[in-house]
Structures are given as C-alpha cells and as structure tokens.
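Working notes, beginning with the structure itself.
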Amino acid sequence: DLGKLAVPNAILEKPGSLSRDEFAVIRQHTYFTYSVLNTIGGLDQVARWAAFHHERLDGSGYPFHIGADSLDIGARIMTVADLFTAVAEDRPYREGLGREQIEKIIRSQAGKNGIDKRIATLLLDHYQEIASRVKEKQARSRAMFEAKFQPRMEG
Numbered sequence: 000d001l002g003k004l005a006v007p008n009a010i011l012e013k014p015g016s017l018s019r020d021e022f023a024v025i026r027q028h029t030y031f032t033y034s035v036l037n038t039i040g041g042l043d044q045v046a047r048w049a050a051f052h053h054e055r056l057d058g059s060g061y062p063f064h065i066g067a068d069s070l071d072i073g074a075r076i077m078t079v080a081d082l083f084t085a086v087a088e089d090r091p092y093r094e095g096l097g098r099e100q101i102e103k104i105i106r107s108q109a110g111k112n113g114i115d116k117r118i119a120t121l122l123l124d125h126y127q128e129i130a131s132r133v134k135e136k137q138a139r140s141r142a143m144f145e146a147k148f149q150p151r152m153e154g
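The sequence shown runs 0 to 154 under our numbering.
Shown next, in the form of structure tokens:
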C-alpha cells in the first residue's frame with residue numbers, strides 16, 4: 000500500500016462512504032505502488048506482486064481485472080495478506096475486526112474464488128502466531144515513530 004502516499008488524507012481518513020470519484024482515486028494506489036517499487040533495482044517481481052494485491056482469482060479485482068492464470072504464488076500471498084491486514088487493523092473510520100469476523104471474511108473470499116484457498120487456509124491455521132507477530136511489529140514501529148517524531152510535533 001506504499002502507493003497510498005499519493006492519495007489525499009481526506010480520502011484515506013474519510014469516516015463515511017467514498018464517492019465514486021474518491022474510490023477511483025483510492026484504486027490508483029496500486030499503480031503508484033508499482034511505479035515506486037519498480038524503480039528500485041531487484042524489486043521488479045515484488046513491484047508486480049504489489050500491483051496485483053487487489054486482483055481476485057475470479058477476475059473481479061482491480062486494476063487489471065486479471066484472473067487466476069495470471070496471478071502467481073507471490074501475488075496470491077500478497078492478496079491474502081492485504082485482505083487480512085485490511086480487516087484486522089484499526090482504520091480511521093472503524094476498529095479492526097475480531098478473529099471470528101476475520102475468519103468469516105477470509106473463508107468467504109476463499110469460497111467465492113476471490114483469494115487462494117490454500118493460502119487462506121495456511122493463514123487461518125496459523126492465525127494466532129501471525130496476528131501476534133503483526134501486532135508486535137506494529138507496536139514496535141509505532142514506538143519508534145513516536146520516539147523519533149513525537150517530540151518534534153509537540154515542540
């Protein structure tokens with residue numbers, strides 16, 4: 000989601016529903032992510048995976064509407080990871096969902112052929128370990144950010 004740096008905060012943090020135009024701006028973040036990562040030597044494959052992280056196996060995703068035949072294992076992992084973080088993390092407009100709700104969404108998307116069932120199953124089978132590590136890394140990142148930038152913001 001690196002490309003979201005190019006999306007205005009007013010859209011990213013909007014508490015209500017997005018308009019059609021605002022959603023179109025949000026959808027451009029995959030292109031910006033690809034554009035930034037693709038300029039870094041050796042990250043061309045990662046750039047492609049990141050560009051496809053909103054694609055779905057059934058072709059209903061965006062921005063390219065490509066399906067299973069065009070999505071390799073890296074893109075599929077990125078898609079499941081993005082869905083997990085999207086529903087698990089707190090957002091400006093809502094709190095992160097609980098485990099039961101997250102599992103329901105992941106299973107539903109896998110059942111509809113939106114995301115890879117094998118990867119979804121691996122995520123759910125190791126849910127506690129993954130969720131704990133994500134929370135730990137987020138807390139560490141938040142603490143580092145606050146230690147470095149909070150004093151400047153207050154002063």
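Yeah, the Cβ is synthetic: ideal placement off N, Cα and C, and Gly gets one too.
Small disclaimer: the values here were computed from a predicted structure and weren't measured.
- Bounds of the alpha helix (DSSP H) holding alanine 109 are 98-110.
- For threonine 32, the number of other beta carbons within 10 angstroms of its own is at least 16, and it is reported as buried.
- Here DSSP, grouped into helix, strand and coil, assigns arginine 117 to helix.
- For histidine 28, the uninterrupted alpha helix (DSSP H) run begins and ends at 28-36, by DSSP.
- The beta carbon of leucine 123 is closer than 8 Å to those of Glu102, Ile105 and Arg106 in its chain, skipping five residues each way along the sequence.
- Around the C-beta of arginine 19, fewer than 16 other C-beta atoms lie within 10 Å, and the residue is accordingly described as exposed.
- Within the same chain, Ile10 and Lys13 come within 8 Å of glutamate 21 by CB-CB distance, once the 5 residues on both sides are set aside.
- Taking aspartate 0 as reference, the option from Ala119, Leu96 and Met77 with the minimal CA-CA separation is Met77.
- Counting along the chain, glycine 73 sits inside the alpha helix (DSSP H) bounded by residues 72-87.
- Taking the CA atoms as reference points, histidine 53 sits about 30 Å from glutamate 145.
- If the five residues before and after isoleucine 118 are omitted, its C-beta is found closer than 7 Å to the C-beta atoms of Arg75, Ile76 and Val79, all from its own chain and listed in chain order.
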